[in-house]
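Student: To start, I am sharing the structure in question, which I have written as structure tokens.
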Amino acid sequence: MSGNAEVVEAFNAAVDLIDHNLAAGRGQKVAVIDKSGPHSYQALSDDINRFANVLRQIGVQREQRIVLCLNDSIDFPICFLGAIKAGVIPVPINTRFTESDYSFILEDSRAVALIVSSELLAPFEGHLKKHPALKSIIVSGDNVNGHLSLSELVKEECPEFTAADTCRDDMCFWLYTSGTTGMPKGTVHLHGNLRATAELYAKKTIGIRENDIMFSAAKLFFAYGLGNGLTFPFSVGATAILLEGPPTPEAVCNIFKKQGPTIFYGVPTLFAMLLASGHLPEKKEHNLRFCASAGEALPADLLARWQKQMGIDILDGIGSTEMLHIFLSNRPGDVRPGSTGKPVEGYDIRLTGDGGLPVPQGEMGALEISGPSSALMYWNRRDKSLETFQGPWTRAGDKYYQDEEGYFIYCGRTDDMLKVGGIYVSPFEVEAALIEHEAVLEVAVVGKADSDQLIKPRAVVVAKQTDFDAEILAEELKLFVKERLAAFKYPRWIEFVDELPKTATGKIQRFKLRDPS
């Protein structure tokens, strides 16, 4: 055996994001503003250490998983970074998932602890005892319902903690993303990935600064929101505004006017809602330098209306849970309406056709990305991992073409998945809910553009009976889906037909149902 063993440099993502701010004298600077008020970098650091000590006290071991189902408040970065500092794997999950989603994730991840906001506890209570690995339930908020109290546990611990001796390639955290079957997949990220997104996208591409105040409508449990509201501000010593409730136009505009963010991260659906709301401030009434958008393609008309109303750009980009954040983006001073811009520095992009061969410039191909923030794999999903992570390349599942000037133009999904408000929606999942209704014989769900050219689910239904009131049944079916799935998944349009187009083997031909526009 050779005696020249490779020396692995110590690196802990939580230490990397927080400690440099203390060393730079920013201990008393505001790191986070949430509903409880401002929180300094020193106070955040102390509570991160306290939570790391909590995990040690309750017996959580290094590399074990803990699930975080938390609203956007100071408790999220405390628990997320406290776990990482301890070498424990935090798994932030969507606060709008269903009870069955939560049960699946607890079982799939074999989480030993659940940290949950008191308002989000109800969908967990019915199955907590069904997960043998789950030992501790810790509740953030006043009503702990007989479980451990996060605030009580944290305040009892020491504000000092020696970080686990992790390295860049150690498993750091998971994010669950949905697939075409609707079953969430645990996407495994490494310690080095958070810094990569901050350095390459946040600093070098869009130019964030220490004096920025950042506000993200996308929540922290999303890969997009995690960067916007945690990684990016902490990486430069800026301030993050966290909104605990839903980002309604009124709530967002109130923050624009009263708290003066300099960067706002949204999704096209929300930008359209803000323009229609009548609540947007005048150009001289806000401090925004620019906005960023991801989650779905930004229509050129929507961008133009925003520029006229607000006097600033929206930098449209595309990222993914698998790549952690944006890898293709417009830039300040280089915004091409109707395009997703150019590759972020440090990322390589290729478009492939049949057989995996690159397509000529100007031709549509499947988007593949190579870069330093790619996930390692999907947990327990070997086949899906091999399909998505192919050597240095990650397959995005999107179709693009590159124009003659090098800008990338979005063409759609390579499969039937829909993106609604920046969140993936499986048409199969919506179909499965609709087919449970006694009046439904067959159904197909496809995407349809609304008046703002944003995609929403549209259901095409074959009813069992011919004698029915279409308008009444359509509303009944919408409510039926809302009661069974996360609210954003319900079909905005329901149309009734005598039969669905099918192949000779009986498969529904969804492409014949899609909106040609």
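Letter 379 of the sequence shown, counting from 1, is numbered 379 in the UniProt record's numbering, and no numbers are missing.
Using N, Cα and C, we set each Cβ at its ideal position, and we do this for glycine too.
Nearest to Glu244 by alpha carbon, out of Asp498, Pro159, Pro337 and Ile74?
Tutor: Against the sequence shown, residue 244 aligns to sequence position 244. Considering only alpha carbons, the answer is Ile74.
Student: By the DSSP assignment, the alpha helix (DSSP H) with Val54 in it spans what residues?
Tutor: Position 54 of the sequence shown, counting from 1, holds the residue named residue 54. Annotation: the continuous alpha helix (DSSP H) that includes Val54 extends over Tyr41 to Gln57.
Student: Put residue 519 into one of helix, strand or coil per three-state DSSP.
Tutor: Only positions 1 to 517 of the chain appear in the structure, and residue 519 is not among them; the question remains open.
Student: Given Phe232, which residues of its chain have a CB within under 7 Å of its CB, disregarding the five upstream and five downstream residues?
Tutor: For this step, residue 232 is matched to residue 232 along the sequence shown. Only Ala198, Ala202, Ile208 and Met214 meet the Cβ criterion.
Student: Cα separation between Pro92 and Asp467?
Tutor: Here residue 92 refers to the residue found at position 92 when the sequence shown is read from its first residue. Here residue 467 refers to the residue found at position 467 when the sequence shown is read from its first residue. About 47 Å.
Student: Give, in chain order, every unbroken run of the beta strand (DSSP E) that is at least 3 residues long and sits entirely within the region 167-239.
Tutor: 171-178, 184-190 and 213-216
Student: Within the continuous beta strand (DSSP E) that includes Ile494, where are the two ends?
Tutor: Mapped onto the sequence shown, residue 494 falls at position 494. Run containing Ile494: Trp493 to Phe496, per the beta strand (DSSP E) assignment.
Student: Could you name the residues of the same chain whose beta carbon sits closer than 6 Å to that of Ala375, not counting the 5 residues immediately before and after it, in chain order?
Tutor: Mapped onto the sequence shown, residue 375 falls at position 375. Answer for Ala375: Thr187, Val188, His189 and Glu322, listed in chain order.
Student: Is the region 122-135 in contact with the region 94-107, if contact means three or more CB pairs nearer than 8 Å?
Tutor: yes
Student: Take Asn53 and list the residues in its own chain whose beta-carbon comes closer than 6 Å to its own, dropping the five residues that flank it on each side.
Tutor: Looking up residue 53 in the sequence shown gives position 53. For Asn53, where only same-chain residues beyond five positions count, the Cβ hits under 6 Å are Glu157, Cys158 and Phe161.
Student: To the nearest angstrom, how far is the alpha carbon of Ala238 from that of Ser370?
Tutor: Here residue 238 refers to the residue found at position 238 when the sequence shown is read from its first residue. Here residue 370 refers to the residue found at position 370 when the sequence shown is read from its first residue. Distance between the alpha carbons of Ala238 and Ser370 is about 29 Å.
Student: With distances taken Cα to Cα, identify the nearest neighbour of Glu107 among Leu128, Ala300 and Lys257.
Tutor: Working through the sequence shown from its first residue, we reach residue 107 at position 107. Nearest C-alpha to Glu107: Leu128.
Student: Return the first residue and the last residue of the beta strand (DSSP E) that Gly362 is part of.
Tutor: The count along the sequence shown starts at 1 and reaches residue 362 at position 362. Taken as a continuous stretch (DSSP letters only), Gly362 belongs to no beta strand (DSSP E), as it is neither H nor E.
Student: Cα separation between Gln309 and Pro392?
Tutor: In the sequence shown, counting from the first residue as 1, residue 309 sits at position 309. In the sequence shown, counting from the first residue as 1, residue 392 sits at position 392. So the two alpha carbons sit approximately 42 Å from each other.
Student: Just to confirm before moving on: does the CB-CB distance between Asn228 and Tyr265 stay below 7 Å?
Tutor: Position 228 of the sequence shown, counting from 1, holds the residue named residue 228. Position 265 of the sequence shown, counting from 1, holds the residue named residue 265. Against a cut-off of 7 Å, the Cβ pair of Tyr265 and Asn228 comes out as a contact.
Student: Going by the DSSP bridge assignment, what does Leu357 pair with across the sheet?
Tutor: Working through the sequence shown from its first residue, we reach residue 357 at position 357. Paired residues: none, contrary to the question.
Student: Pull up the distance between the alpha-carbon of Arg395 and that of Leu153, whole angstroms please.
Tutor: Within the sequence shown, residue 395 is the residue found at index 395, counting from 1. Within the sequence shown, residue 153 is the residue found at index 153, counting from 1. The alpha-carbon atoms of Arg395 and Leu153 are separated by roughly 42 Å.
Student: Kindly indicate which three-state DSSP category Tyr102 falls into: helix, strand or coil?
Tutor: Within the sequence shown, numbered from 1, the residue matching residue 102 stands at position 102. Residue state, collapsed to three classes: helix.
Student: Check the DSSP bridge columns for Phe389 and list the partner residues they point to.
Tutor: For this step, residue 389 is matched to residue 389 along the sequence shown. Partner(s): Thr394.
Student: Which residues bound the alpha helix (DSSP H) around Lys478?
Tutor: By one-based count along the sequence shown, residue 478 stands at place 478. From DSSP, the alpha helix (DSSP H) with Lys478 extends over Ala470 to Lys482.
Student: Do Val425 and Lys489 have their C-beta atoms within less than 7 Å of each other?
Tutor: Start at 1 with the first residue of the sequence shown, and residue 425 comes out as number 425. Start at 1 with the first residue of the sequence shown, and residue 489 comes out as number 489. For Val425 and Lys489, yes; Cβs fall inside 7 Å.
Student: When you compare only the Cα positions, how much space is there between Phe290 and Met273?
Tutor: For the purposes of this step, residue 290 is identified with residue 290 of the sequence shown, where counting begins at 1. For the purposes of this step, residue 273 is identified with residue 273 of the sequence shown, where counting begins at 1. The C-alpha of Met273 is placed about 18 Å away from the C-alpha of Phe290.
Student: Quick one: measure Cβ to Cβ for Asn193 and Ser373, integer angstroms, because I've assumed they're closer than 8 Å.
Tutor: Here residue 193 refers to the residue found at position 193 when the sequence shown is read from its first residue. Here residue 373 refers to the residue found at position 373 when the sequence shown is read from its first residue. Rounded, the Cβ-Cβ distance is 4 Å, consistent with contact.
Student: Mapping the DSSP letters down to three states, classify Phe327 as helix, strand or coil.
Tutor: As a working note, residue 327 is residue 327 in the sequence shown. The answer is strand: DSSP assigns Phe327 an E or B state.
Student: For Lys456, count neighbouring Cβ atoms within 10 angstroms of its own Cβ and tell me buried if that reaches 16, exposed if not.
Tutor: As a working note, residue 456 is residue 456 in the sequence shown. Buried, by the Cβ-count rule.
Student: Span of the beta strand (DSSP E) holding Ser293?
Tutor: Taking the first residue of the sequence shown as 1, we reach residue 293 at position 293. Taken as a continuous stretch (DSSP letters only), the beta strand (DSSP E) holding Ser293 covers Phe290 to Ser293.
Student: Roughly how many angstroms separate the alpha carbons of Thr180 and Gly421, rounded to a whole number?
Tutor: Locating residue 180 in the sequence shown gives position 180, counting from the first residue. Locating residue 421 in the sequence shown gives position 421, counting from the first residue. Confidence at Thr180 is low in this model, with a pLDDT of 44, below 50, so its placement is unreliable and the value that follows should be read with caution. Those two C-alpha atoms are separated by around 17 Å.
Student: In this structure, does DSSP put Ser149 in helix, strand or coil?
Tutor: To locate residue 149, count along the sequence shown from 1; it is residue 149. Strand, per DSSP.
Student: From the DSSP secondary-structure annotation, give me the bridge partner or partners of Leu114.
Tutor: If you number the sequence shown from 1, residue 114 lands on position 114. DSSP lists Val67 and Ile137 as partners of Leu114.
Student: Residues bridged to Asp450 by DSSP?
Tutor: Your numbering for residue 450 matches position 450 in the sequence shown. The partner list for Asp450 (beta bridge, DSSP) is empty, contrary to what the question assumes.
Student: With respect to the alpha helix (DSSP H) encompassing residue 565, which residues constitute its N-terminal and C-terminal limits?
Tutor: The structure shown does not extend to residue 565, since the chain is modelled only from 1 through 517, so no value can be given for it.
Student: Quick check: the Cα distance between Lys204 and Tyr347, rounded to an integer number of angstroms?
Tutor: Walking along the sequence shown from the start, residue 204 turns up at place 204. Walking along the sequence shown from the start, residue 347 turns up at place 347. Distance between the alpha carbons of Lys204 and Tyr347 is about 12 Å.
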